[in-house]
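Structure first, commentary second.
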Amino acid sequence: MADTKYFSEHPEWIHLDARFVPQGFEFNHTILHETLGVVLRSFSSFCLENEIPYWLAHGTLIGWYWGQKMLPWDGDVDLQTSMKGLSILAKFNQTLIQDRFLIDVNPNYVDRRGRRRTMDDTWTNNNKIDARVIDTHTGIFADITGLSLDRRHGGDDYNLKCKDGHHYRFQSLSPLHQTTVHCIRAHEN
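Residues in the sequence shown are numbered consecutively from 953, following this note's numbering.
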């Protein structure tokens, strides 16, 4: 995994991609949540068309659990997919959905090591996000992380992991159940 971070967030607003924030953009949570809903809706349709499995994760999943909505204080959408799903998504890297939403796949997605010690004896996890769907009008994005087999824990119940250190039981994620969040088709586990 490269030590150089692939994705770059805006220095003032960590949930905006620095490459796409328009000059003079006035950030607020209302715009953020409305745009995230449009990002999720567009990505959901794209995944359905291209048979890419994905599901809600982290704060997005918690928001769904407590009210089928995003948590009001949450500033992003977190999604997960399998490594096979990431491989399919990578074929669409740099594709615009509806001429607005960029699929951007981190070239380091195949390196599954996650947090590790660098040459200068510090720790890095610069590339824990495997892909993003980015609104090119505002820089608002949804994070996508891939799950892979955890070879160190292959014999016990925790046999899947993502690069940010979360471990999962396969039985907890399968089968996926179709649901809605903000009236958008999604999967929860």
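Backbone N, C-alpha and C fix where the C-beta goes; we use that ideal spot for every residue, glycine too. The structure presented is a predicted model; accordingly, all values stated were derived computationally and were not measured.
For valine 1057, DSSP records a beta bridge to Ala1083. Excluding five sequence positions before and after isoleucine 1014, none of the CB atoms of its chain fall closer than 6 Å to its own CB. The C-beta distance from leucine 1099 to glutamine 1032 rounds to 6 Å, short enough to meet the 8 Å contact threshold.
Here the alpha carbon of isoleucine 1040 sits roughly 8 Å from the alpha carbon of asparagine 1002.
Membership of serine 997 in any beta strand (DSSP E) is not indicated; the residue belongs instead to the alpha helix (DSSP H) covering 981 to 1002. Under the three-pair Cβ rule at 8 Å, the stretch 1079 to 1091 counts as touching the stretch 962 to 971. According to the DSSP assignment, glycine 1098 belongs to the beta strand (DSSP E) that extends over 1093 to 1101.
Pairwise C-beta distances place the stretch 1014 to 1027 out of contact with the stretch 1048 to 1056, as fewer than three of them are shorter than 8 Å. Shortest Cα-Cα distance from phenylalanine 1044 to any of Val1062, Phe998, Ile1081 involves Phe998.
Counting along the chain, leucine 1013 sits inside the alpha helix (DSSP H) bounded by residues 1010 to 1019.
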